[in-house]
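Participant: There's a structure below that I have some questions on.
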């Protein structure tokens, strides 16, 4: 009798193990490749400002936009170089973000209230020369 019970237990264990292995074999794994490339556009345009604090504020305003890869404002040339994904933002959105922080661009005048809130060293001459917009090569 013990041999029969033991045999039934072994057969049942093999059946359950077999079912578990079959279920594992039926599992499919799919791999989806996602491209990490983005449609990058580079532009350069004029932005009025005076100092390192201006640089920080201007670059922060641009870099806060979704899709912006990089932004660098040149204190001496009064221009910003921006690389961005044009499927996520536009050049005009970049101009508007800078203007909202109080700085004039060559297409959009800075927000007057934001300008009034800038530190004294950042109060630029509204007639100062700056670089003009262009696509970067």
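In my numbering, the protein residues as written are 356 to 492.
Just so you know, even glycine gets a beta-carbon here, dropped at the ideal spot from N, CA and C.
Since this is a predicted model, take the numbers as computed values, not measurements.
Measure how close the beta-carbons of residue 435 and residue 423 come, nearest whole angstrom, since I'm counting them as under 8 Å.
Facilitator: Your numbering for residue 435 matches position 80 in the chain shown. Your numbering for residue 423 matches position 68 in the chain shown. With a Cβ gap of about 11 Å, residue 435 and residue 423 do not count as contacting.
Participant: Between which two residues does the alpha helix (DSSP H) containing residue 434 stretch?
Facilitator: Along the chain shown, one-based indexing puts residue 434 at 79. Segment 434–440 is the beta strand (DSSP E) holding residue 434; no alpha helix (DSSP H) there.
Participant: Under the assumption that residue 460 contacts residue 402 (Cβ atoms under 8 Å), give the Cβ distance between them as a whole number of angstroms.
Facilitator: Numbered from 1 along the chain shown, position 105 holds the residue referred to as residue 460. Numbered from 1 along the chain shown, position 47 holds the residue referred to as residue 402. Confirmed, about 5 Å.
Participant: Does residue 401 come out as helix, strand or coil in the three-state DSSP assignment?
Facilitator: Residue numbering aside, residue 401 sits at position 46 when the chain shown is read from its first letter. Of the three classes helix, strand and coil, the one that applies to residue 401 here is strand, per DSSP.
Participant: Under DSSP, the beta strand (DSSP E) around residue 411 begins and ends at which residues?
Facilitator: The count along the chain shown starts at 1 and reaches residue 411 at position 56. Counting along the chain, residue 411 falls outside any beta strand (DSSP E), though it belongs to the alpha helix (DSSP H) covering 407–418.
Participant: Kindly identify the DSSP beta-bridge partner or partners of residue 396.
Facilitator: Counting from one through the chain shown, the residue named residue 396 turns up at place 41. Answer is 439, bridged to residue 396.
Participant: Can you give me the Cβ contacts of residue 406 inside the same chain, cut-off strictly under 8 Å, excluding the 5 residues immediately before and after it?
Facilitator: Position 51 of the chain shown, counting from 1, holds the residue named residue 406. Contacts found: 430, 476, 477.
Participant: With a threshold of 6 Å on Cβ separation, who are the neighbours of residue 455 within its own chain once the five nearest residues in sequence on each side are excluded?
Facilitator: Here the question's residue 455 lines up with position 100 in the chain shown. The residues are 466.
Participant: Comparing C-alpha positions only, which one of 433, 412, 439 sits nearest to residue 425?
Facilitator: Locating residue 425 in the chain shown gives position 70, where the first residue counts as 1. Minimum Cα distance to residue 425 is reached at 439.
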